[in-house]
Every structure is written in structure tokens, then in C-alpha cells.
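As you go down the protein sequences, you meet chains Y and R in turn.
Each residue of the first sequence is one higher than the one before, counting from 1 in the UniProt record's numbering.
Each residue of the second sequence is one higher than the one before, counting from 1 in the UniProt record's numbering.
Virtual Cβ for every residue (Gly too), placed ideally from N, Cα, C.
There are 2 protein chains.
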Amino acid sequence: MPTEALKNTARPTGRPVSIDADAVAALALRLFAERGYEQTSMEDIAREARIGRKSLYRHFASKADLVWGGTGPVIEASRHALASPPPAEGTDTDVLAGLREAIIVGAAAIPDLAVTRGRLRLIAEHPDLMSRSYESLGSQREQARSYLTARGVPEPTARYLCAALIGATFEAWMQWAAGDEPDPAPYLRAAVGVLSVGGR
Amino acid sequence: MPTEALKNTARPTGRPVSIDADAVAALALRLFAERGYEQTSMEDIAREARIGRKSLYRHFASKADLVWGGTGPVIEASRHALASPPPAEGTDTDVLAGLREAIIVGAAAIPDLAVTRGRLRLIAEHPDLMSRSYESLGSQREQARSYLTARGVPEPTARYLCAALIGATFEAWMQWAAGDEPDPAPYLRAAVGVLSVGGR
DNA sequence: CCAGCTTATGACACCCCGTGTCATTATGTA
DNA sequence: TACATAATGACACGGGGTGTCATAAGCTGG
């Protein structure tokens, strides 16, 4: 999600990228941990990364993106898990179970959980970062919604279900991050367990 | 919620407030509607309200507070509805129904729905305003959580339930605001209907 | 090897949000 | 009338985010 203009997509001509966005994000995370989030300015990060402030903004749309950017893979993984199974005819077994499993799969795709935990803890501490959750999780919400509607869940119910799902799973991630348990799956399972499609 | 320092709380001495915060907020809403949210600077609002920019900030903590401030009464009303009935012994009837009714009562306490609809539509259009929902609804979340735990809902479940509740009801408000139906209650009912305390 | 193209880069300037300070003014109470 | 309290607004400042522009770096075709 680091705003990467055209990183891996075949670029036939032009000057290639010379800045390692992931390395810069990692550096920023380190600086945030050392000096604090709001005590570290974008100029500080740029200076430390030996690049210009404007170049920093070219790779990360905002300061918050330096933190939230790393969550891209998780969302992408659960998106993939949600997109794969085609909808069967009629009302299939349990749509909630499908959502749950996709989210678990997405979580399992995270390379290093320790970094993610640090990221989430940093987010939890700062309202400014916290509030970005709505937009950062937007694609996941959209993905879940199409999953539900494709399986016959009526429109308004699907919307509310997705909104509730995002809220609950985000809370689950936060609870996991606050503790020391290695596996986030139980938290996510419990969060999804709070939902019901039947309208009670 | 307009940051009011000491508006109605008996102030024995000192110069009384001479700025009508509600009027300023209404003016700001009008300017936002006319010129657009980000096209209207705090200086514009202050100039139009015939006050200084700093004085504006003394009444509203942020630009977003000019919009979100008006939601205070709703949250306060549902808080009151949630606080009134004392928990009975053992597992009482239906905690979700209690939550649902409190939210409906809160919605019914809104003086003029038209203004609220405009406000929510404005919020829907601007990610910056949208993202404030998390913090703005924080008190409501906390209130619902204590309601649930006081009625025997175990801790982690209560957390997830509240997170889901906030997400779903906010989505319900947004759906209501996007349409023309006069009563938000059906939307809210449907949103709460997506939850379940039983863990499926 | 050179010419020309594309694109990243960084310097500069700018707007605006939000905050801190401070002198001034207005309103109450003793 | 003196005093305390607090609102007001002027000024300055840090910092986020954006636009512009000249320059440098790499690729590709001749």
C-alpha cells in the first residue's frame, strides 16, 4: 500500500526507483518507537533516510501511511481468500464461516507477527493513527460485502454485517496486539462469533 | 460537545461567554455546504463569524469538531437510555434488545433530523471527517460495554460486540442519511439485528 | 557512442491546521 | 472602587501536505 507508483509492474522505460520504500517504512517505525510518533516529523524521517521530504511523500501519501502501509499484505491475503471460492447455488452452508476462515487465512499470511504487533500497538496509542482504520480497512469491507451479496445475503444486511465485521475484527487485532499470545486466530474467531446473518 | 469550557456550569465570576457556539457551528455548516469543506478554512469561518481564529479554536477543538460537535446530544441521549435500567439478577431477557432500544431512544431525541442528515452527508463525503467516527463514538462504545458487562456478558465478547455495534449502527446512520426516509429507527434496528451474543 | 525520452529526485514556495504566548478588554464580586 | 476571572484577538511558530520546476539518472533506439 506504500503508494508505490509502478514498482513491480513492468516499466519499459524511464529512470527506475532508487528508494527502498520498505526500508524507509522500517526506519520510520524505528524512529517512532524511539522518539515517539508526533515527536518525529516527516523532515526527521527524510533526513535520516537521506532523501528529500518531497520524495518521502512520493512514496507515502501521509505520515500515517508509513505505519498503516504495512497492513497491505494482510488485507490482500484475506481478499484473495475471499475471492477464490465461487458461490454455490442456493443458500450454501455458512457465509459467516467463510468470512471467518478468509480472515484467519489472511492473518496467517503475515510474514512477521512481531512487527505487526508493534505497528498495531503504535496505532493504538495515537488517535490520529487509530482513526485511519476506517479508510485503511475500506477495501477489506468492500471485499467482504461482495462476498456476502454473491451468496444471496440481501443488500442492507450485507452492509451492516460488513461494518460490524470490520469493527469487531479490528478490535480483535487490537486485543491481540495488546497481549502476548502468538496466534491472533482465536481473537478473530471470537470476534466473528459475535455476528449473525439471520437477523437474530 | 463543542468543547464548551464552562457554558452552563455555574460560573460565579469572570467575563461571561459572548460567542454563541451553536450559531457559529451552524454558520460553519452553511459555509461548508456552500463552498465545500476543505475549500473553507478556519480563517474564513472566523472572519464570517466576526471573531478571531483563535477564539474559534477556543470553542471548537478542531475543524472536524465543527461538524461532529452536533452529534453530542444523540450520544448523550443513548447514554442516558443505557444507564437507567439497573441489571436484574441472573441472565435477563435480551441484552441486545436493550441496546437496540437505547439507540432508538437516542435517535428519537434528536431535535431536527434534517440538520443531522446534512451533517452526516457532509461526513460521508470527506474521509477526514469520516475517520473521526472512531473517536467521536468512543463514549458510546464505552457506555455500551459497561451495559453489557453489567449484565453478565463476558469481557472479550462484550468488547467485540460493542465494536461491531458501533460499526453497524454508524453504517445504519449513513444509510439513513443517504436516503430520504424520515425515521432512522428501521435502519438502526436492522443494524443491531446483525449481532448475536451467543457466539453464533 | 550519442541523442532523446521517461521518470525520479529534491529545492523552493505555499496554504492551512493547530498551539502557545501575551497584552487587552469586559464582566462579575467584595 | 478595587480586584479577580476569563474571553478576546494579535502575533508567531511548528508541522503536514501540495504544487511547481529545474535537474539528474537511467533506459532505448539509432
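Limits of the unbroken alpha helix (DSSP H) element including Lys147 of chain R: The sequence given here has Tyr at residue 147 of chain R, not Lys. Looking at the DSSP string, the run of the alpha helix (DSSP H) that includes Tyr147 of chain R is Gly138 to Thr149.
Compute the beta-carbon to beta-carbon distance between Ala83 of chain R and Tyr160 of chain Y, rounded to the nearest angstrom, for a pair I have assumed lies under 8 Å. Not really, about 25 Å apart at Cβ, beyond 8 Å.
What's the call for Pro154 of chain Y, buried or exposed, on a 16-neighbour Cβ count within 10 Å? exposed
Taking 6 Å as the limit between beta carbons, can you name the residues of its chain near Val24 of chain R, skipping five residues before and five after? Ala49
Would a C-beta distance cut-off of 8 Å place Ala158 of chain Y and Leu148 of chain Y closer than the cut-off? yes
Does any residue of chain Y bring its CB to less than 8 Å from the CB of Gly167 of chain R? yes
Answer with yes or no whether the minimum CB distance from Arg200 of chain Y to chain R is below 8 Å. The predicted model places Arg200 of chain Y with a pLDDT of 43, which falls under 50 and marks its position as unreliable; any figure quoted below should be read in that light. At a cut-off of 8 Å between C-beta atoms, Arg200 of chain Y counts as an interface residue with respect to chain R.
Identify every residue that forms a DSSP beta bridge with Leu122 of chain R. Bridge partners of Leu122 of chain R: none, in fact.
Leu113 of chain R versus Arg119 of chain R: straight-line alpha-carbon distance, rounded: 10 Å
Minimum Cβ-Cβ distance from Met130 of chain Y to chain R less than 8 Å: yes
Answer yes if the region 53-63 of chain Y comes into contact with the region 30-45 of chain Y, meaning at least three C-beta pairs across the two stretches below 8 Å, and no otherwise. The region 30-45 of chain Y, when compared against the region 53-63 of chain Y, does touch it at the 8 Å Cβ threshold.
Residues of its chain near Leu129 of chain Y, where Cβ-Cβ distance is below 8 Å and the 5 sequence neighbours each way are ignored: Tyr37, Ala64, Val67, Trp68, Leu122 and Ile123
What are the residues of the region 144-169 of chain R that lie near chain Y, defined by any Cβ-Cβ distance shorter than 9 Å? Pro156, Thr157, Arg159, Tyr160, Leu161, Cys162, Ala163, Ala164, Leu165, Ile166, Gly167, Ala168 and Thr169
Are the C-beta atoms of Met1 of chain Y and some chain R residue less than 8 Å apart? Here the model assigns Met1 of chain Y a pLDDT of 36, short of 50, so the residue's position is not dependable, and the following value carries that caveat. Chain R places no beta carbon closer than 8 Å to that of Met1 of chain Y, leaving this residue out of the contacts.
The region 132-141 of chain Y in contact with the region 69-81 of chain Y per 3-pair CB rule at 8 Å: yes
Straight-line gap, Thr94 of chain Y to Val115 of chain R (C-alpha atoms, nearest Å): Strictly speaking, residue 94 of chain Y in this sequence is Asp, with Thr absent from that position. Their Cα atoms are separated by approximately 41 Å.
Along the chain, where does the alpha helix (DSSP H) containing Glu181 of chain Y start, and where does it finish? Neither: Glu181 of chain Y is in no alpha helix (DSSP H) and is coded neither H nor E.
Alpha helix (DSSP H) segment containing Phe60 of chain R, residue limits: Note, Phe60 of chain R: premise wrong, no alpha helix (DSSP H); not H, not E.
State the CB to CB distance for the pair Leu96 of chain Y and Val194 of chain Y, rounded to an integer number of angstroms; the pair is presumed to be in contact (CB under 8 Å). With a Cβ gap of about 10 Å, Leu96 of chain Y and Val194 of chain Y do not count as contacting.
Find out if the Cβ-Cβ distance for the pair Ala190 of chain Y, Pro156 of chain R is shorter than 8 Å. Ala190 of chain Y places its beta carbon less than 8 Å from that of Pro156 of chain R.
Below 8 Å on the Cβ atoms is my guess for Ile103 of chain Y versus Leu188 of chain Y; work out the distance and round it to an integer in Å. Your pair Ile103 of chain Y and Leu188 of chain Y checks out as a contact, with CB atoms roughly 5 Å apart and the cut at 8 Å.
Span separating the alpha-carbon of Gly152 of chain Y from that of Met174 of chain R: The C-alpha of Met174 of chain R is placed about 23 Å away from the C-alpha of Gly152 of chain Y.
What is the residue span of the alpha helix (DSSP H) that Val24 of chain R lies within? Start and end: Ala21 to Arg35.
Cβ closer than 9 Å: which chain Y residues qualify as neighbours of Gln175 of chain R? Pro156, Arg159 and Tyr160
Quick one: is Pro184 of chain R near chain Y, going by C-beta distance under 8 Å? no
Output, in chain order, the set of chain R residues within a Cβ distance shorter than 7 Å of Glu171 of chain Y. Arg159, Tyr160 and Ala163
Quick one: is Ala178 of chain Y buried, meaning 16 or more other Cβ sit within 10 Å of its Cβ, or exposed? exposed
Arg145 of chain R: which of R:Gly106, R:Pro182, R:Gly98 and R:Ala26 sits nearest, CA to CA? R:Gly98
Chain Y within 8 Å of Asn8 of chain R, Cβ atoms only: Confidence at Asn8 of chain R is low in this model, with a pLDDT of 39, below 50, so its placement is unreliable and the value that follows should be read with caution. For Asn8 of chain R, the answer is no, since every Cβ of chain Y falls outside 8 Å of its Cβ.
Do Ser133 of chain Y and Tyr134 of chain R have their C-beta atoms within less than 8 Å of each other? yes
Range covered by the alpha helix (DSSP H) that runs through Ile45 of chain Y: Met42 to Glu48
Assuming contact is defined by CB atoms lying nearer than 8 Å, are Ser62 of chain Y and Ser131 of chain R in contact in what I supplied? no
Taking the DSSP output, what are the residues bridged to Leu195 of chain Y? R:Leu195
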